[in-house]
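Enquirer:
Protein chains in written order, with this note's numbering: chain A, 196 to 374; chain B, 95 to 665.
(1) Kindly list, in the order they appear in chain B, the residues whose Cβ is closer than 8 Å to that of residue 267 of chain A.
(2) Along the chain, where does the alpha helix (DSSP H) that runs through residue 397 of chain B open and close?
(3) Answer yes or no: does any C-beta atom of chain A fall closer than 8 Å to that of residue 399 of chain B?
(4) Name the one or two DSSP bridge partners that residue 586 of chain B has.
(5) Kindly list the residues whose CB is nearer than 7 Å to the CB of residue 174 of chain B, restricted to its own chain and excluding five residues on each side of it in sequence; keep chain order.
(6) List, in chain order, every chain B residue whose beta-carbon is nearer than 7 Å to that of residue 281 of chain A.
(7) What whole-angstrom Cβ distance do residue 481 of chain B and residue 536 of chain B have, given they're in contact under 8 Å?
(8) Please confirm whether residue 562 of chain B and residue 463 of chain B have their CB atoms less than 8 Å apart.
(9) Quick one: any contact between the stretch 353-372 of chain A and the stretch 284-300 of chain A, if contact means 3 or more CB pairs under 8 Å?
(10) For residue 293 of chain B, I'd like the list of residues in its chain whose CB is within less than 6 Å of its CB, leaving aside the five on either flank, ordered along the chain.
(11) What does DSSP give as the partner residues of residue 263 of chain B in its beta bridges?
(12) Would you mind working out which of B/628, B/362 and B/118 sits nearest residue 330 of chain B, comparing C-alpha positions?
(13) Would you say residue 295 of chain B touches the ligand MG, meaning its beta carbon is less than 7 Å from a heavy atom?
(14) What is the DSSP secondary structure of residue 378 of chain A, reduced to helix, strand or coil?
(15) For residue 280 of chain A, which residues in the same chain have their Cβ closer than 7 Å to its Cβ, ignoring the five residues on either side in sequence?
(16) Buried or exposed for residue 208 of chain A, going by 16 or more other Cβ atoms inside 10 Å?
(17) Between which two residues does the beta strand (DSSP E) carrying residue 254 of chain A extend?
(18) Would you say residue 237 of chain A reaches chain B, if we count a Cβ-Cβ gap shorter than 8 Å as a contact?
(19) CB-CB under 8 Å to residue 237 of chain A, same chain, minus the five flanking residues each way: which ones, in chain order?
(20) Using a C-beta cutoff of 8 Å, does residue 256 of chain A count as contacting chain B?
(21) Under the rule that 16 or more other beta-carbon atoms within 10 Å means buried, what is residue 322 of chain A, buried or exposed?
(22) Under DSSP, the beta strand (DSSP E) around residue 220 of chain B begins and ends at which residues?
(23) Who pairs with residue 303 of chain A in a beta bridge, going by DSSP?
(24) So, does the stretch 235-253 of chain B touch the stretch 265-285 of chain B, judging by three or more C-beta pairs under 8 Å?
(25) For residue 577 of chain B, is the classification buried or exposed, using 16 other Cβ atoms within 10 angstroms of its Cβ as the cut-off for buried?
(26) Which two residues bound the contiguous alpha helix (DSSP H) that contains residue 341 of chain A?
(27) Can you pull the chain A residues whose beta carbon is under 7 Å from the beta carbon of residue 220 of chain B, in chain order?
(28) Are at least three pairs of beta-carbons, each pair with one atom in the stretch 614-621 of chain B and one in the stretch 335-351 of chain B, less than 8 Å apart?
(29) Just list the alpha helix (DSSP H) runs in the stretch 372-431 of chain B, keeping only unbroken ones of 4 residues or longer that don't cross its boundaries, in chain order.
(30) According to the neighbour-count rule (16 or more other Cβ atoms, all chains shown, within 10 Å of its Cβ), is residue 137 of chain B buried or exposed?
(31) Measure the CB-CB distance between residue 654 of chain B and residue 643 of chain B and report whether it falls below 8 Å.
(32) Residues in the stretch 537-563 of chain B with C-beta within 9 Å of chain A's C-beta atoms, listed in sequence order?
(33) Specify whether the stretch 503-523 of chain B and the stretch 544-554 of chain B touch according to this definition: at least 3 beta carbon pairs, one from each stretch, less than 8 Å apart.
(34) Mind checking the stretch 220-231 of chain A against chain B and listing, in chain order, the residues whose C-beta falls within less than 9 Å of any C-beta there?
(35) What is the rounded straight-line gap between the Cα of residue 686 of chain B and the Cα of residue 525 of chain B?
(36) Quick one, are the C-beta atoms of residue 397 of chain B and residue 414 of chain B less than 8 Å apart?
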């Protein structure tokens, strides 16, 4: 749906942010171990997303956007790697990462703003996924910056309930991917 | 073969070669205490769970094997949190087993429930909440593997009561592959290019120093260190965590660096052009103000834990490996500095100008604590193990005792846990009954864990405890004297309250006291003759005595304060 091809998201992700794609054992408390490590070492998490990896019940992939101003990347990766349940860490510079995020937002729709809502949906590449008499839920799956644009567009509406997932990322395929 | 979870746990510990458990039973761990009666493993019943943890640490530091402690849930578990944190800071291999409420009750605020895996996440290398009997053997095998390999550390196993009671079919992992640790790879291939760069830096260096840390002892690299140092003639300093990794009697040894280090060791690091850091982590107590620490030195950093690289100080070459492997690789590659005669000449002048020194003891007392330690050391059998608490007495023990071999210095470094010394001495003696074990303690530290003297008496573990009784929390007093205009706040303890001799006797030990030099020699002689019960000696020492040299907290190592007798204006 998004009109954007794989342009990356370097302009959105400030240089001080870095993406870690972390494969972990799918065991109780793993997320607490990661969150606790970041908290006690003073590393900042910008966003975090977790889901089972490769349909495998044994492993999950945690995508962490870290703030490198809070600590050097080498230190964050080194400490993270010491967690016994962390299996592999891929660190992705924003330019090397293919990032996507999902945004859901529910808006009140009245006769007056109906046209505006439809315009925002059309202009941002979002879609309407749920409708009731007085409201709609729109969805956008796209780059973090496209989600930012949609979020900004929705600022003028009243009673918006909005939820973003935080980004997920995989390494770009580089040469093998046609531009 | 069907076993209960409790039987499987004990059998698993036997499979791991455990000979001693330090522990205290309670409700949730009760099932496990039954099969202990039928086991060959010696259980040492402590009087407080903190004691069990520090004993296990003392055992581990003296033997090089993982120490094992077992306690119940709730307060039993929280009481052992301090030793776990201490072991984590000092990379001491420990396996701690805690009872837990039954799986069905977890999360219900049941009696003596606490989330000990949550509490200890940040202070263990790893921990397990065992969910079924079948998992017990794997958890135990994994715990010992994790605790003793790579960078060692404490591992906790939390065992719910119902899991301990239920039947399981006995099995035991036969290989590492069965441990289900896909994210744990302690063995790292040595980077030959980094070795080559290190050899190059060593070849260019005119003022190198071997900065030896606790990782050298943990990787049992003392023989490699001796060979490498003697071949290259590079000066050696051993940190508080590395005492014993290189013989103190060796003329290449400059002693301990850091806040209370030898002048020559501190200054050699400062003036060096190349530090070869071996399992050391640039702790603030060693570096002082980091920006001025060894400002002209390049750094070769050897550590098994890559998270230590560039954490505090940028390294020019990093070698992620065991210290022994790194030293062998550097040796094989022929790492040799240029002629170091000029460097050594400079170092020798510092050693001559600034030796360890203390005021002449007055015959009638009070005693000089340094003199007491020297007197004990001089009369101690070779290979005597020394433990200490934390504070002035610990620094004096490190300074004035000559450590000649690994496993003879048992102390709390990173965490600085007061009260560590006495239970750690008991653990060390339990692990090395063939050795004499002295605990050099302070009066403040002693009072924190002295209930374990009952453990030592009842289990017939004849340690010797020297209380350097200056009636104060001495190190805090020293700081208040030097940095708070002698405004002494909450540091006075009294020399006579408690009566340490009566305390010792009440707990089944021999209690002795010395006020002056003659009594000092007499009680040390008597203590050395007693080998069947613990001995506690109350040495009345001068409360104004301070530890020198000293680098004030946050100050540069260039601004080291030497003993008043060595200052230019000294009489």
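Virtual Cβ for every residue (Gly too), placed ideally from N, Cα, C. Predicted model only: the values in this text are computed from it and were never measured.
Expert: Taking the definition as stated:
(1) 404, listed in chain order.
(2) DSSP places residue 397 of chain B outside any alpha helix (DSSP H); the residue lies instead in the beta strand (DSSP E), whose first and last residues are 392-397.
(3) So yes, residue 399 of chain B belongs to the interface.
(4) Answer is B/566, bridged to residue 586 of chain B.
(5) So the list reads 143, 144, 146, 147, 163, 165 and 190, once near-sequence residues are dropped.
(6) What residue 281 of chain A touches in chain B: 277.
(7) In this structure residue 481 of chain B is not in contact with residue 536 of chain B, their Cβ atoms being roughly 12 Å apart against a cut-off of 8 Å.
(8) Yes.
(9) Three or more beta-carbon pairs separated by less than 8 Å link the stretch 353-372 of chain A to the stretch 284-300 of chain A, which places the two stretches in contact.
(10) Hits under 6 Å: 427 and 429.
(11) BP columns for residue 263 of chain B point to B/96.
(12) Measuring from the Cα of residue 330 of chain B, the nearest candidate turns out to be B/362.
(13) This structure lacks the ligand MG, and indeed carries no ligand of any kind.
(14) Absent from the structure is residue 378 of chain A, since the part of chain A shown begins at 196 and ends at 374.
(15) Setting aside the 5 residues that flank it on each side, residue 280 of chain A is surrounded in the same chain by 219, 220, 222, 225 and 228, each with a C-beta closer than 7 Å to its C-beta; the list follows chain order.
(16) With a pLDDT of only 47 at residue 208 of chain A, under the threshold of 50, the placement of this residue in the model should not be trusted; the figure read from the coordinates follows. Within 10 angstroms of the beta-carbon of residue 208 of chain A lie 16 or more other beta-carbons, which makes it buried.
(17) Run containing residue 254 of chain A: 251-262, per the beta strand (DSSP E) assignment.
(18) Taking Cβ atoms only, chain B never reaches closer than 8 Å to residue 237 of chain A, which makes this a no.
(19) Taken in chain order, the residues that qualify are 265 and 266.
(20) Not an interface residue.
(21) So residue 322 of chain A counts as exposed.
(22) It spans 220-223 - the beta strand (DSSP E) in which residue 220 of chain B sits, taken as one unbroken run.
(23) Partner(s): A/330.
(24) Touching, per the Cβ criterion.
(25) Answer is exposed; the Cβ neighbour count stays below 16.
(26) DSSP places residue 341 of chain A inside the alpha helix (DSSP H), whose first and last residues are 339-348.
(27) Contacts between residue 220 of chain B and chain A, judged by CB atoms closer than 7 Å, involve 279 in chain order.
(28) At 8 Å Cβ cutoff, the stretches do not touch.
(29) With a minimum length of 4 residues, the continuous alpha helix (DSSP H) runs that stay inside the stretch 372-431 of chain B are 378-381 and 417-426.
(30) Under this definition residue 137 of chain B is a buried residue.
(31) Contact flag set, yes.
(32) Cβ contacts with chain A: none found.
(33) By the Cβ test, the stretch 503-523 of chain B is in contact with the stretch 544-554 of chain B, since at least three Cβ pairs between them sit closer than 8 Å.
(34) Contact annotation: in the stretch 220-231 of chain A, residues whose CB is within less than 9 Å of a CB in chain B are 220, 223, 224, 227, 228 and 231.
(35) Residue numbering for chain B in the displayed model covers 95 to 665; residue 686 of chain B lies beyond these limits and cannot be assessed.
(36) Yes, Cβ-Cβ distance for residue 397 of chain B and residue 414 of chain B is below 8 Å.
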